[in-house]
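Asks: Would you mind keeping the following structure in view while I ask a few things?
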Amino acid sequence: MDTTSIYHVDALDRIVEVNDAWLLFARQNAWQVERSDLIGQPLWRFLTDPTTINIYQLVMERARQHDAPIQMPFRCDSPTLKRFMTLKIRHQGEGLLIFEGQLERLEHRDPLSLPEGDPLLASAFVTMCGWCKKIRTNPRQWQELEEAIATLNLFEAPHTFLITHGMCEGCFARINRKLNPKKNSKDPLQ
């Protein structure tokens, strides 16, 4: 079975198809979803972070304007795995976009969990890059989750925290090169 997760989005940003590999990946990540739950639904129903939505909108607009596919790295982690993936977005005409997610490599890690507590009572925010999943530990530094937990003493803090999303400088530069290829003659992500 092909392990490339594929979904199609129409010109109105509605999901019109998902393949079996996509459904399997979702189920392996504890999301019990059926194809009928997705078809006809806006993609935006399944993304909640405004920064991530904005970036997806920009990338999708760019993909619809050009014939060349857009390809970029991203992460889709679980509590016990780091998943390094590649996302390829192709325009098929009339606004239809095909998203292909390919797993590049896995790294096992000790299980991680977020601290217990009522998120409505959280007194701190932690910024995570919506693309590579690194955590901002100071205004100029982003670290892998495990390192950031130690640096920020997240699980030793007397309060709970909320995760907010942003974009680290490295991911911003890669996405900017994708969105503005004329400004960058060499694009390592293509």
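With this note's numbering, the residue at position 126 of the sequence shown is 109, and numbering never jumps. All C-beta atoms, glycine included, are put in the ideal place defined by N, C-alpha and C. Keep in mind that this is a model prediction, so the values were computed, not measured.
Residues in the same chain with beta-carbon distance under 7 Å from G78, minus the five sequence neighbours each way, listed in chain order, please.
Replies: D(-7), A(-6) and R47, listed in sequence order.
Asks: Less than 8 Å between the CB atoms is what I'm expecting for L7 and R18, so what's the real figure, rounded?
Replies: With a Cβ gap of about 12 Å, L7 and R18 do not count as contacting.
Asks: Fully enclosed by the stretch -7 to 36, which beta strand (DSSP E) runs are 3 residues long or longer?
Replies: -2 to 1, all fully within the stretch -7 to 36.
Asks: So, using beta-carbon positions, are L128 and K116 closer together than 8 Å?
Replies: Against a cut-off of 8 Å, the Cβ pair of K116 and L128 comes out as a contact.
Asks: Please report the Cβ distance between Q85 and T(-13), rounded to the nearest whole angstrom; I am assuming they are in contact, meaning their Cβ atoms lie under 8 Å.
Replies: Right, the Cβ-Cβ distance comes to about 5 Å (below 8 Å), so this counts as a contact.
Asks: Can you find the residues in the same chain that come closer than 8 Å, C-beta to C-beta, to V(-1), ignoring five residues on each side of it along the sequence?
Replies: Same-chain partners within the cutoff: H(-9), V(-8), D(-7), I22, G23 and L79.
Asks: Expressed to the nearest angstrom, what Euclidean distance is found between the alpha-carbon atoms of R45 and N159?
Replies: When rounded, the distance between both Cα atoms is 11 Å.
Asks: Between the Cα of T69 and the Cα atoms of F29, G76 and P56, which residue gives the shortest distance?
Replies: When only C-alpha atoms are compared, the closest one is P56.
Asks: Whole angstroms is fine: what's the gap from G113's alpha carbon to L145's?
Replies: Going from the Cα of G113 to the Cα of L145 covers about 14 Å.
Asks: If you draw a straight line from the alpha carbon of F155 to that of I38, how long is it in whole angstroms?
Replies: Computed Cα separation, rounded: 10 Å.
Asks: Any idea which residues DSSP pairs E83 with across the strands?
Replies: According to DSSP, E83 bridges with I(-11) and K71.
Asks: Suppose contacts are defined by Cβ-Cβ distances below 8 Å. Is R28 in contact with K65 by that definition?
Replies: For R28 and K65, no; Cβs fall outside 8 Å.
Asks: For F67 versus R88, is the C-beta spacing smaller than 8 Å?
Replies: The answer is yes: Cβ separation under 8 Å.
Asks: State the start and end residues of the unbroken beta strand (DSSP E) segment that holds R58.
Replies: First-last of the beta strand (DSSP E) with R58: I53 to R58.
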